[in-house]
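Novice:
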Amino acid sequence: MSDHQPEDPTARLKALMSQGERPSDDGPLVVFASAEGGADPPGRARPLLRRWLPARWLPASPVARRRLALLAGVGAGAVLAAVFALHQRGPAAEAPPPDLAVAEAAAVSKPPETVVVSVVGEVANPGLVTVPSGARVADAVRQAGGLKPGAPLHGLNLARKLADGEQVAVGVPAPTDETGPVNLNTATEQQLDDLPGVGPVTAQRIIDRRLKRGPFTSVEQLGEIEGIGGAKLARLAELVRV
Numbered sequence: 001m002s003d004h005q006p007e008d009p010t011a012r013l014k015a016l017m018s019q020g021e022r023p024s025d026d027g028p029l030v031v032f033a034s035a036e037g038g039a040d041p042p043g044r045a046r047p048l049l050r051r052w053l054p055a056r057w058l059p060a061s062p063v064a065r066r067r068l069a070l071l072a073g074v075g076a077g078a079v080l081a082a083v084f085a086l087h088q089r090g091p092a093a094e095a096p097p098p099d100l101a102v103a104e105a106a107a108v109s110k111p112p113e114t115v116v117v118s119v120v121g122e123v124a125n126p127g128l129v130t131v132p133s134g135a136r137v138a139d140a141v142r143q144a145g146g147l148k149p150g151a152p153l154h155g156l157n158l159a160r161k162l163a164d165g166e167q168v169a170v171g172v173p174a175p176t177d178e179t180g181p182v183n184l185n186t187a188t189e190q191q192l193d194d195l196p197g198v199g200p201v202t203a204q205r206i207i208d209r210r211l212k213r214g215p216f217t218s219v220e221q222l223g224e225i226e227g228i229g230g231a232k233l234a235r236l237a238e239l240v241r242v
């Protein structure tokens, strides 16, 4: 009679479960249950899954339950990390609605549709008139009732464009200097610079000519100065003297 004792099946199952033996990939999946009525091995996977999942969704295999619990933990960690990152980043600067931004830009860049000017002097109805933006002096005179019969223009430029808030004087002579025409032989650079059409460069040339060649003997000698042509000389003839 042999001394060899037959192996206890229950002990064999426990040994397989403790070693984590699984069938080969070629065979069917085998789930081992303990002899004590299917109690789970030690661990927190089963209590956690029972807390969050319905009983009918729980996998029968302890290994599958552990994997499911691990995946749930990883997913929860990813969600927490995303929430933390968004919190650290802070709220993004809210851009104004496109329509509002376009409307604001248009309001800033759009010129006024009308201008208001004051028309005084030889017109039928002097006072404030409103004309479209880009209107000219002639339009303002027309809005003021037109010129009075025989009203002189005194060099008024009827084609000039109007600016908001300006005054248009019709038939009013230009103010004259109480001291009279500027003396070319004694005028300072500033006095010469104030003459229409004469800037600081031309004023200095007039003084240089006076110092090099002596006093002017006639107003027509201004035509010898570089930058003073026939038209400019005609305008200056009544404003200067020798």
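Residues 1 to 242, numbered by the UniProt record's numbering, are exactly what the sequence shown covers, in order.
C-beta: ideal position from N, C-alpha, C; glycine also.
#1: At which residues does the alpha helix (DSSP H) containing Q204 begin and terminate?
#2: Mapping the DSSP letters down to three states, classify K232 as helix, strand or coil.
#3: Give me the Cα-Cα distance between V242 and P132, rounded to the nearest whole angstrom.
#4: Suppose the cutoff is 8 Å on Cβ atoms and the five residues either side in sequence are ignored; what does the same chain contact list for P42 look like?
#5: Once the 5 residues before and after G145 are set aside, which same chain residues still bring their CB inside 8 Å of it?
#6: Rounded to the nearest angstrom, how far is the Cβ of D193 from that of P200, given a contact under 8 Å?
#7: Looking at V117 and A140, is the spacing between their C-beta atoms short of 8 Å?
#8: According to the neighbour-count rule (16 or more other Cβ atoms, all chains shown, within 10 Å of its Cβ), is L86 buried or exposed?
#9: Using the beta-carbon count (16 or more within 10 Å), is F84 buried or exposed?
#10: By a C-beta neighbour count over all protein chains shown, 10 Å radius and 16 as the cutoff for buried, is L184 buried or exposed?
Specialist: The answer reads as follows:
#1: Taken as a continuous stretch (DSSP letters only), the alpha helix (DSSP H) holding Q204 covers P200 to R213.
#2: For K232, the secondary structure class from DSSP, reduced to helix, strand or coil, is helix.
#3: C-alpha separation (whole angstroms): 47 Å.
#4: Confidence is the limiting factor: at P42 the pLDDT is only 47, short of 50, which leaves the residue's position unreliable and the question unanswerable from this model.
#5: The beta carbon of G145 sits closer than 8 Å to those of V123, A124 and N125, all from its chain and outside the five residues before and after it, given in chain order.
#6: With 8 Å as the limit, D193 and P200 qualify as a contact, their Cβ atoms being about 5 Å apart.
#7: Yes, they are a contact pair.
#8: The residue in question, L86, is exposed, as its Cβ has fewer than 16 Cβ neighbours within 10 Å.
#9: Its Cβ having fewer than 16 others within 10 Å, F84 is exposed.
#10: Only buried fits L184, as 16 or more other CB atoms lie within 10 angstroms of its CB.
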